[in-house]
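Throughout the sequence shown, residue numbering follows the working numbering, covering 11 to 243 in sequence. Presented below is the structure to which this report refers.
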Amino acid sequence: MEWLERYRDLIPDFDGFRAVQSQALPSSCRINTLKIERCALLDRFAENGIDYQSFNWYPLGLKLDMESPGKLVENLSGYIHIQEELSMVPPLVLDPQPGELVLDLCASPGSKTCQISQMMKNLGRVVANEPSLARIAPLRSNCERLGVMNVAITRYDGRRFPSRPVQFDRVLVDAPCSSEGRERRGPGVLCKSSSKRSMDLHRLQADLLRNAIRLTKPGGIVVYSTCTYAPEE
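This is how it looks when you write it as structure tokens:
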């Protein structure tokens, strides 16, 4: 992809970066403590011969040495959720607390929404906003499978999510991205990307962040995350 050359001056080891992008992501999951305790889940894995490796930075994250982990009974039952390791970071930085009012401005398919609810122990309220009607179904499905009870789903353009009658204690903005950072998910991801798309997304990302700040109470927390930032040229 010739247009990726624009990152060469920004990344010290650009060739090494491109080599890593060609490596497939390992399978990983998050233990869902709304349905099962960590020790009980690990006992189930041991009994069923499922190989795993615990993250060294997050006790509820596991790397799975297997193909198609989504077919595991533990996943279908909601004891675990198949989720990329990096995806688990933003909710931890957001640090939602039980009883708070939290907004996930770009929520589907709901991995981070459900992690937020888990951290809140289903107490308080999480508003999961998703503008795309087609993406509401997987968001709702994940919430139901994982036993999330404190989520309300809305469908606004995140740039125009209303700031009244309430403001939020914490807001997560997991903004749409230009996909350059997602190539490891599999071949074909970068085919959807282009320099023009990257520039178009820059304005959207900035507008979402600007509205998130407006939606947050004074002294509240906003966390912005994205797979790839679309820089302005």
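From the three backbone atoms N, C-alpha and C, an ideal C-beta is built for every residue, glycine too.
Per DSSP, R150 is one residue of the alpha helix (DSSP H) stretching across 146-155. A contact is defined here as three or more CB-CB pairs under 8 Å, and the segment 61-76 fails this definition with respect to the segment 105-116. Assigned with DSSP and collapsed to three states, N160 falls in coil, not helix or strand. Listed in chain order, the non-local C-beta contacts of Q93 below 7 Å within the same chain comprise S38, C39, R40, S121, local neighbours out to five positions each way being set aside. In this structure, DSSP gives F178 an extended state, which the three-state scheme calls strand. Take T236, set aside five residues on each side of it, and the residues of its chain with a beta-carbon closer than 6 Å to its own are A185, C187, in chain order. For R18, the three-state secondary structure derived from DSSP is coil. DSSP places T123 inside the alpha helix (DSSP H), whose first and last residues are 121-129.
D210 and A216 have their alpha carbons spaced roughly 11 Å apart.
Bridge pairing for Q63: K73 [DSSP]. Taking every protein chain shown into account, the CB of R180 has 16 or more other CB atoms within 10 angstroms, so this residue is buried. At the C-beta level, V136 and V99 stay beyond 8 Å of one another. Taking C-beta separations shorter than 6 Å and ignoring five residues to either side along the sequence, the partners of E110 in its chain run G134, D179, following chain order. For P106, there is no enclosing beta strand (DSSP E), as DSSP marks it with neither H nor E. Taken through DSSP and simplified to helix, strand or coil, K227 comes out as strand. The three-state secondary structure of N139, taken from DSSP, is strand. In this structure, the beta-carbon distance from G168 to P148 does not fall below 8 Å. For the pair L74 and R170, the Cα-to-Cα distance works out to about 40 Å.
Separation of the CB atoms of L219 and Y234 is rounded to 5 Å, and the pair is thereby assigned contact status at 8 Å. Within the model, the alpha-carbon separation for E77 versus G229 is close to 44 Å.
Take the alpha-carbon of L72 and the one of Q177: they are about 35 Å apart.
With respect to the C-alpha of L44, the residue from R174, L115, C153 having the closest C-alpha is C153.
In terms of Cα proximity to Y89, the closest of S97, D53, R18, L115 is D53.
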